[in-house]
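Trainee:
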Amino acid sequence: MSIESLIADYGLVAIFLGAGIEGETMVLAGGLFAHEGMLSLPGAAIAAAAGSFVADQGFFAAGRRFRNHRWVRRAQGKPAFARALETLERRPIGFIFAFRFLYGLRTVSPIAIGTSDVPTRTFLWINAVAAAVWGVLFTGLGYVFGTGVAELLGRYRPHGRQWLWVAGAAVVLGLAFGAFRWWRRRDG
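Counted from 1, the sequence shown has number 1002 at position 137 by our numbering; the numbering is strictly sequential.
1. Taking contact to mean at least 3 C-beta pairs separated by less than 8 Å, is the segment 905–924 in contact with the segment 879–895?
2. Helix, strand or coil, according to DSSP, for Met827 in the structure here?
3. Looking only at its own chain, which residues have a Cβ that is under 6 Å from the Cβ of Ala947, when we skip the five neighbours before and after it?
4. Would you call Phe925 buried or exposed, if buried means 16 or more other Cβ atoms sit within 10 Å of its Cβ?
5. Does the distance from the C-beta atom of Ala884 to that of Ser917 stay below 8 Å?
6. Whose C-alpha, out of Thr1004, Gly1013 and Ile976, is nearest the C-alpha of Pro907?
7. At which residues does the alpha helix (DSSP H) containing Thr952 begin and terminate?
8. Should Gly812 and Gly895 be called a contact, given that it needs their Cβ atoms to be closer than 8 Å?
9. Jot down the residue ranges of each uninterrupted alpha helix (DSSP H) in the segment 948–1008, minimum 4 residues, whole runs only, in chain order.
10. When we look at the beta-carbon of Val1037 and count the other beta-carbons within 10 Å, is it buried (16 or more) or exposed?
11. Would you mind sorting Ala1064 into buried or exposed? The rule is 16 or more other CB atoms within 10 Å of its CB.
12. With a threshold of 8 Å, are at least 3 pairs of Cβ atoms found where one atom belongs to the segment 1038–1047 and the other to the segment 928–940?
13. With respect to the alpha helix (DSSP H) encompassing Arg932, which residues constitute its N-terminal and C-terminal limits?
14. From this set, Ala1032, Ser981, Phe960 and Met903, which residue's C-alpha is nearest Tyr875's C-alpha?
15. In this structure, how does DSSP classify Gly1043 when only helix, strand and coil are distinguished?
16. Quick one: residues in its chain with C-beta nearer than 7 Å to the C-beta of Met891, no 5 flanking neighbours on either side, listed in chain order?
17. By the three-class DSSP mapping on this structure, what secondary structure does Glu887 have?
18. Looking at Ile978: is its Cβ nearer than 8 Å to the Cβ of Ile961?
19. Quick check: the Cα distance between Arg1050 and Ala945, rounded to an integer number of angstroms?
This is the structure in structure tokens:
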């Protein structure tokens, strides 16, 4: 089984899961693979938007349902949580739309919003629009980035698509780095 067939078979599922768990790295890779014709660009963008939407709705629901649970209490003790609530109070709609674009606030923000008085329906609609914009934007960036990667690594084309292994390794390293950061923050 080649990496191309793995990407064709499981790529959209990986983008969906990666968009919700890790974020931009998988979505950019999805755009890159769409550029190479292994995935459909609209399919990659939809998978990215859906993964982001589902994950953020889940974190929002966790914040809403378990606001007194030790897991949420631990998140509330972090500086990013306080920043998220502070910004949410000043500009609720803008913050709900923009948090996924702000470094360091992506995971904690929907939990913080869930503990606030923002109505579930309001969060749902703004989250849906923001996830769609985010998914299209980052998939598109990966697609455009794919042009540069193809030109940069074009000399390897006669030997096959080894650069896909490099891209795959970069995705795996990105996920490992994200998991390490999550693990470190969880213990810290």
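Ideal Cβ positions, reconstructed from N, Cα and C, are used throughout, including at glycine.
Mentor: So, from the data block:
1. yes
2. Summary: the structure shown does not reach residue 827, with the chain confined to residues 866 through 1053, and so no result is reported for it.
3. none
4. Taking all protein chains in view, the Cβ of Phe925 is crowded by 16 or more other Cβ atoms within 10 Å, so the residue is classified as buried.
5. yes
6. Thr1004
7. Pro944 to Arg955
8. This structure cannot settle anything about residue 812, because the visible part of the chain is limited to 866 through 1053.
9. If we require 4 residues or more, the alpha helix (DSSP H) runs fully inside the segment 948–1008 come out as 957–963 and 973–980.
10. exposed
11. There is no way to answer for residue 1064, as the model of the chain reaches only from 866 to 1053.
12. no
13. Where Arg932 is concerned, there is no enclosing alpha helix (DSSP H), given that its DSSP letter is neither H nor E.
14. Met903
15. Correct three-state label for Gly1043: helix.
16. Ala879, Ile880, Gly883, Ala884 and Val1036
17. coil
18. Yes; because the gap between Cβ atoms is below 8 Å, this pair is in contact.
19. 11 Å
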